[in-house]
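Residue numbers (full-length UniProt numbering): 1 to 308.
What follows is a short report on a single structure.
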């Protein structure tokens, strides 16, 4: 089982009403939530941990998890409100206005951390859930607790507009990356860290920092995966892009799903992936993400849609 740990929220996406007026419609979302949904739809045993509100919006989140075969029993259900994100789409690119003060997801603490059994092989972290307090500290504490015995996947998914204290957030990402087996960056994420060098040099930096597998996604230019021994690059699949919401989250799921299906989701095996296994992981990530960008919103593919 893979446990995805991070934000779940309601995306209010722009939609025209039946009268032709401008409006918004609620959709379940959040980067780590999207990865959990994608994994569940790919047939991978998946669970999800965050704080979820005991309200109508929380019900939408739980129903979406259930419909995609994701176990939400680790979640902390609380009377606090749901996180809401109003989304603006310009040429398929999303920008967000968040309402997150005092919400169920933001206010989880270490007292809410789940007890994990031996069936949990990997944990996935990242995105905006690592920024605020107390949830940022809570997720980092869970990673610290589990890193020695389970595969850790991290997608920093940097959103500069939400980061009020860049040095503090950068320090957290560096601490978590040092204990992670898999770290995935977009090319835009890498720019935020301000390190010098091309992608090969930056991947080497993070490998030396502690990661065993570094993945760099480059949008339409494909993605590269790096270990200490090798580099593999795969192209992106050519599709008509509707929007990019959830693309990177789905790519994360493809990597983890491939490793799980190839029986490689252990710390020693992730540290020693051969070229075929690495190429398989990147290819499935790219294939799954291509479906997501070809339709509106974060709507990852089911296994049958990509021939699994």
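Every residue gets a Cβ at the ideal spot worked out from N, C-alpha and C, and that includes glycine.
- Classified as exposed, residue 200 has fewer than 16 neighbouring CB atoms from the shown chains inside 10 Å of its CB.
- Taking the Cβ atoms as the reference, residue 160 lies roughly 17 Å from residue 87, outside the contact range of under 8 Å.
- For residue 152, the beta-bridge partners assigned by DSSP are 123.
- Under DSSP, residue 214 takes part in a beta bridge, and its partners are 183 and 226.
- Buried is the label assigned to residue 259, since at least 16 other Cβ atoms lie within 10 Å of its Cβ.
- Measuring C-alpha to C-alpha distances from residue 203 to each of 219, 182 and 220 identifies 182 as the nearest.
- Within the DSSP bridge table, the entry for residue 14 names 24 as partners.
- In terms of Cβ geometry, residue 113 and residue 142 form a close pair [threshold 7 Å].
- The C-alpha of residue 29 lies about 6 Å from the C-alpha of residue 11.
- Taking 7 Å as the cut-off, the Cβ atoms of residue 38 and residue 48 do not count as close.
- Restricting attention to 130, 135 and 207, the CA atom closest to the CA of residue 106 is found in 135.
- Pairwise C-beta distances place the stretch 201-220 in contact with the stretch 165-181, as three or more of them are shorter than 8 Å.
- The alpha carbon of residue 73 has as its nearest neighbour, out of 80, 81, 63 and 138, the alpha carbon of 63.
- Between residue 223 and residue 282 the beta-carbon gap is near 5 Å, inside 8 Å, which marks them as a contact.
- Rounded to whole angstroms, the gap between the alpha carbons of residue 138 and residue 19 is 45 Å.
- Pairing residue 76 with residue 108 gives a Cβ-Cβ distance under 7 Å.
- DSSP places residue 75 in no alpha helix (DSSP H); its state is neither H nor E.
- Per DSSP, the continuous alpha helix (DSSP H) segment holding residue 248 begins and ends at 247-261.
- Taken in chain order, the whole beta strand (DSSP E) runs of length 3 or more contained in the stretch 28-90 are 46-49, 51-53, 76-78 and 84-90.
- Under DSSP, residue 233 takes part in a beta bridge, and its partners are 224.
- With contacts defined by Cβ atoms closer than 7 Å, residue 292 and residue 250 form a contacting pair.
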